[in-house]
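A.B. asks: I'd like to ask some things about the structure below.
Chains as they are written, first to last, in UniProt numbering: chain A, 1 to 215; chain B, 1 to 265.
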């Protein structure tokens with residue numbers, strides 16, 4: 001037990017990196033996904049096509065391959081990137097593809113009458129989106145977005161293959177130095193579960209809060 | 001003449017695919033006038049109303065509101081044109097059959113949204129006016145309620161206050177009571193009558209015959225994409241010239257309005 005106890009600080013550090021990876025990529029992916037959703041519903045055909053291709057590529061290929069390609073590919077193009085930024089970049093691009101679809105679904109689910117009411121009072125397209133459509137679309141998309149965040153938190157374990165010392169990698173190294181693999185991975189798994197339980201509760205509270213006006 | 005014309009539509013054509021919904025429609029509404037549009041389902045009433053506010057863009061013809069004209073026969077691109085259309089929309093408020101209140105905003109927020117974010121009025125002033133308008137439709141106590149907590153009639157009265165807040169040249173009503181239970185219709189009709197008494201210019205698509213008779217200065221009867229008849233209500237209801245109108249009125253008074261037949265538009 002001593003050996004595992006000694007590992008607590010390093011496990012905590014791994015947990016911090018995992019949360020950092022997940023949260024940062026989620027926030028960045030949220031922004032990028034919003035832009036992609038806007039491009040997808042825009043009336044400019046080029047933007048529309050580009051966003052469709054983007055989503056198709058990043059949703060249609062394994063995340064692990066994307067991680068490898070960014071980590072090994074960018075240096076080949078002369079861009080030096082360390083493991084953590086390269087992982088965040090990949091997770092951002094990847095989750096933006098999914099989130100943009102969540103946003104798009106939310107936007108399409110807002111009643112047509114809302115566009116008409118805003119339009120009939122002379123609101124601009126961007127004003128209508130910002131003031132009328134987004135607030136409603138976001139509420140509709142919140143469950144899906146929450147699921148995405150939780151999935152992303154678990155996906156960050158793949159960063160271990162490009163030497164990011166996050167929770168999974170820590171568990172691996174603790175396991176190999178103590179030969180207590182099972183315990184190490186059980187602890188790591190429990191930590192993921194704990195993080196995501198907190199996120200679930202947060203999602204639940206957010207949904208309730210956003211739904212209050214509609215009750 | 002041009003001075004007191006609130007809205008003038010000329011030669012409006014509109015087709016949806018193969019279906020020609022409006023076939024050369026002219027309509028002039030003078031300031032302070034209440035025009036009621038009646039007609040059977042699919043006659044083009046709602047489309048005409050939506051064209052007046054350019055929610056639907058006609059395929060041909062022109063709309064003039066207070067001397068500003070949008071010509072729908074010419075090219076349709078450009079910033080200037082979009083701005084002109086917005087300008088006309090600001091001046092022609094719309095009240096919808098399904099209310100279309102913003103569900104994420106309270107009653108007051110619904111009313112002040114346009115004044116603040118479209119007309120760029122100072123917030124405190126918009127709130128002051130908004131509260132006055134809610135009082136005018138009898139909903140001061142619902143100020144901070146969201147639409148989900150309001151009855152249909154209350155929602156529609158908030159929608160009327162929201163339209164008034166734009167200080168429009170004309171308010172367009174698209175079957176404002178058709179989605180309401182019978183016992184909730186009276187309060188909405190009363191609110192509209194009050195506006196008429198204050199000289200508000202209005203174009204109203206409705207099936208409420210008694211209401212039309214009381215409030216209209218002019219009744220426009222549409223059928224198959226044309227305006228068949230324009231008459232004062234006294235003549236229109238008591239002595240309709242056209243047999244088509246006579247049979248329509250008979251049907252309406254026999255059985256009352258058929259909202260379920262009027263959903264299509």
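Cβ atoms here follow ideal geometry from the backbone N, Cα and C, with glycine treated the same way.
Because the structure is a prediction, the values reported are computed rather than measured.
(1) Tell me which same chain residues have a C-beta within less than 7 Å of the C-beta of residue 25 (chain A), skipping the five on either side of it?
(2) Check the Cβ-Cβ distances between residue 42 (chain A) and every residue of chain B, and say whether any is below 7 Å.
(3) Output, in sequence order along the chain, the residues in the region 51 to 72 of chain A whose CB is closer than 8 Å to any CB in chain B.
(4) Relative to the C-alpha of residue 24 (chain B), which residue among B:9, B:129, B:31 is closest?
(5) For residue 163 (chain A), which three-state DSSP category applies?
(6) CA-CA distance, residue 113 (chain B) and residue 179 (chain B)?
(7) I'd like the span of the alpha helix (DSSP H) that includes residue 214 (chain B), first residue to last.
(8) Hey, residue 210 (chain A) and residue 139 (chain A): beta-carbon distance below 7 Å or not?
(9) With 7 Å set as the bound, which would you pick, yes or no: does the beta-carbon of residue 102 (chain B) sit closer than that to a beta-carbon of chain A?
(10) Three-state secondary structure (DSSP) at residue 92 (chain B)?
(11) Could you tell me the alpha carbon to alpha carbon distance between residue 142 (chain A) and residue 190 (chain B), rounded to whole angstroms?
(12) By alpha-carbon positions, which one of B:54, B:210, B:67 ends up nearest to residue 36 (chain B)?
(13) Which residues in the same chain have their Cβ closer than 8 Å to the Cβ of residue 88 (chain B), if we skip the five residues on either side of it in sequence?
(14) Going by DSSP in three states, residue 198 (chain A) sits in which element: helix, strand or coil?
(15) Bridge partners for residue 23 (chain B) per DSSP, in chain order?
(16) Between the region 101 to 118 of chain B and the region 165 to 175 of chain B, do at least 3 Cβ pairs fall closer than 8 Å?
(17) Tell me, please, whether the CB atom of residue 60 (chain B) is closer than 7 Å to any CB atom in chain A?
(18) With H, G and I counted as helix, E and B as strand and the rest as coil, what does DSSP make of residue 260 (chain B)?
(19) Looking only at C-alpha atoms, which of A:117, A:6, A:12 sits nearest to residue 195 (chain A)?
(20) Spell out the partners DSSP gives residue 231 (chain B) in its beta bridges.
(21) Look at the Cβ atom of residue 67 (chain A), then the Cβ atom of residue 162 (chain A), and state whether they are nearer than 7 Å.
(22) In terms of residues, what are the limits of the alpha helix (DSSP H) holding residue 142 (chain A)?
(23) Who are the near neighbours of residue 219 (chain B) in its chain, counting only those whose CB is closer than 7 Å to its CB and skipping five residues on each side?
(24) Any Cβ of chain A within less than 7 Å of the Cβ of residue 55 (chain B)?
(25) Determine whether the Cβ of residue 202 (chain B) lies closer than 7 Å to any Cβ atom of chain A.
(26) Hey, quick one: how far does the alpha helix (DSSP H) through residue 52 (chain B) stretch, first residue to last?
(27) At least one CB of chain B closer than 7 Å to the CB of residue 206 (chain A): is that the case?
(28) Would you mind reading off the limits of the alpha helix (DSSP H) that contains residue 103 (chain A)?
(29) Mind listing which residues of the region 134 to 167 of chain A have their C-beta closer than 8 Å to chain B's C-betas, in chain order?
(30) Alpha carbon to alpha carbon, how far is residue 149 (chain B) from residue 167 (chain A)?
(31) State the beta-bridge partners of residue 64 (chain B) as determined by DSSP.
(32) Which two residues bound the contiguous alpha helix (DSSP H) that contains residue 28 (chain A)?
(33) Could you list the residues in the region 64 to 87 of chain B with a C-beta less than 8 Å from some C-beta on chain A, going in chain order?
(34) Assign residue 79 (chain A) to one of three DSSP states: helix, strand, or coil.
(35) By the three-class DSSP mapping on this structure, what secondary structure does residue 82 (chain B) have?
(36) DSSP has residue 172 (chain B) in a bridge; who is on the other side?
C.D. replies: Taking the definition as stated:
(1) 88, 91, 92, 95, 152
(2) no
(3) none
(4) B:9
(5) coil
(6) 24 Å
(7) 209 to 215
(8) yes
(9) yes
(10) strand
(11) 41 Å
(12) B:210
(13) 53, 54, 63, 65, 68, 70
(14) helix
(15) B:13
(16) yes
(17) no
(18) Its pLDDT being 44, under 50, residue 260 (chain B) is placed unreliably by the model, and nothing is read from it.
(19) A:12
(20) B:219
(21) yes
(22) 134 to 155
(23) 36, 38, 212, 231, 233, 236
(24) yes
(25) no
(26) 45 to 52
(27) no
(28) 83 to 109
(29) 135, 136, 139
(30) 48 Å
(31) B:8, B:69
(32) 8 to 41
(33) 86, 87
(34) coil
(35) helix
(36) B:94, B:203
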